[in-house]
Each structure stands twice: as structure tokens, then as C-alpha cells.
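Q: Just so we're aligned, residue 119 is where the sequence shown starts under the numbering used here, counting upward by one.
All C-beta atoms, glycine included, are put in the ideal place defined by N, C-alpha and C.
Remember, predicted model here, so these are calculated numbers, not experimental data.
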Amino acid sequence: MMKTGNGARLAGMVLAIGLAFAAQGASAQTAPPVNAHQFAVDHPVPDVSLRLAPTLGASVPAQVQLAAIEGTKDYGYFYYEGRPVIVDMATRSIVRVD
Numbered sequence: 119m120m121k122t123g124n125g126a127r128l129a130g131m132v133l134a135i136g137l138a139f140a141a142q143g144a145s146a147q148t149a150p151p152v153n154a155h156q157f158a159v160d161h162p163v164p165d166v167s168l169r170l171a172p173t174l175g176a177s178v179p180a181q182v183q184l185a186a187i188e189g190t191k192d193y194g195y196f197y198y199e200g201r202p203v204i205v206d207m208a209t210r211s212i213v214r215v216d
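1) Name the residue from 180, 204, 208 whose alpha carbon lies nearest to the alpha carbon of residue 162.
2) How many angstroms separate the CA atom of residue 186 from the CA atom of residue 200?
3) Thinking residue 212 and residue 174 are a contact (beta carbons under 8 angstroms), I'd like their distance in whole angstroms, please.
4) Hey, could you find the ends of the beta strand (DSSP E) residue 206 is sitting in?
5) For the candidate residues 151, 164, 188, whose alpha-carbon lies nearest to that of residue 202?
6) State yes or no: is the C-beta of residue 214 within less than 9 angstroms of the C-beta of residue 155?
7) For residue 172, count neighbouring Cβ atoms within 10 angstroms of its own Cβ and tell me buried if that reaches 16, exposed if not.
8) Between residue 180 and residue 216, what straight-line distance do the alpha-carbon atoms span, to the nearest angstrom?
9) Below 6 angstroms CB to CB, which residues in the same chain sit around residue 178 once its five sequence neighbours on both sides are set aside?
10) Would you report the Cα separation of residue 194 and residue 207, rounded to the nearest angstrom?
In C-alpha cells, the structure reads:
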């Protein structure tokens with residue numbers, strides 16, 4: 119009976135180690151989330167001229183060209199008075215103004 123108990127323990131340990139490696143491999147393949155603001159700061163574009171200053175939640179006019187953020191299609195950005203403005207690409211609403 120000792121052999122059966124040890125065999126079950128060994129099988130359990132092998133299974134646990136296998137699951138640990140599988141979880142580690144899955145997390146290694148997942149890219150870290152993109153920091154949209156930092157990307158915009160690191161990749162400035164020419165300022166956009168607007169009638170009113172951009173505000174949180176406001177819609178960005180269609181004529182404003184949004185720069186793409188590498189690693190995500192969810193957000194874009196433009197610059198206004200030397201500062202990045204982050205925009206939700208699906209709604210064109212401003213989600214961050216510095």
C-alpha cells in the first residue's frame with residue numbers, strides 16, 4: 119500500500135509542477151497593457167487647432183486626425199497646446215487631458 123500512496127503523491131506533484139509551468143508560459147505570452155499616455159508623451163505630434171480647449175468626455179471633431187498608439191486600437195491621441203490628449207477610438211470621446 120505504501121507504493122500506491124507514494125505513486126499518488128508523485129502523480130500529484132508532477133501534475134502541480136506541470137500546471138505551474140503551464141500558467142507561467144501563458145503569462146509570459148501575454149503582453150503588458152499599453153500605457154497610452156506614456157506612448158503619447160514619448161511620440162509627440164504637431165498641435166491641433168480647436169475652437170475650444172479639449173475637456174474630459176468631450177467629442178473630438180471628425181476633422182481632427184488621431185495618432186495611433188502602438189499596441190492598442192482602443193485609444194488614439196492628438197496634441198493641443200503642447201499637451202497630449204487621449205481619445206477613445208470607438209466613441210472619439212476624450213478620456214484624458216493633461
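A: Put simply:
1) On the sequence shown, residue 162 is found 44 positions in, with the first residue counted as 1. Of the listed residues, the one whose Cα sits closest to residue 162 is 204.
2) Here the question's residue 186 lines up with position 68 in the sequence shown. Here the question's residue 200 lines up with position 82 in the sequence shown. About 17 angstroms.
3) Walking along the sequence shown from the start, residue 212 turns up at place 94. Walking along the sequence shown from the start, residue 174 turns up at place 56. Yes, they are in contact, since the Cβ atoms of residue 212 and residue 174 sit about 6 angstroms apart, within 8 angstroms.
4) Counted from its first residue, the sequence shown places residue 206 at position 88. Note, residue 206: beta strand (DSSP E), 201 to 206.
5) Here the question's residue 202 lines up with position 84 in the sequence shown. Of the candidates 151, 164, 188, the one whose C-alpha sits nearest the C-alpha of residue 202 is 164.
6) Working through the sequence shown from its first residue, we reach residue 214 at position 96. Working through the sequence shown from its first residue, we reach residue 155 at position 37. The answer is yes: Cβ separation under 9 angstroms.
7) Taking the sequence shown and counting its residues from 1, one reaches residue 172 at position 54. So residue 172 ends up on the buried side.
8) Translated into positions along the sequence shown, residue 180 becomes position 62. Translated into positions along the sequence shown, residue 216 becomes position 98. Going from the Cα of residue 180 to the Cα of residue 216 covers about 21 angstroms.
9) The sequence position of residue 178 within the sequence shown is 60, counting from 1. If we look at residue 178 and ignore the five residues flanking it on each side, its Cβ neighbours are 205, 210.
10) Numbered from its first residue, the sequence shown carries residue 194 at position 76. Numbered from its first residue, the sequence shown carries residue 207 at position 89. So the two alpha carbons sit approximately 6 angstroms from each other.
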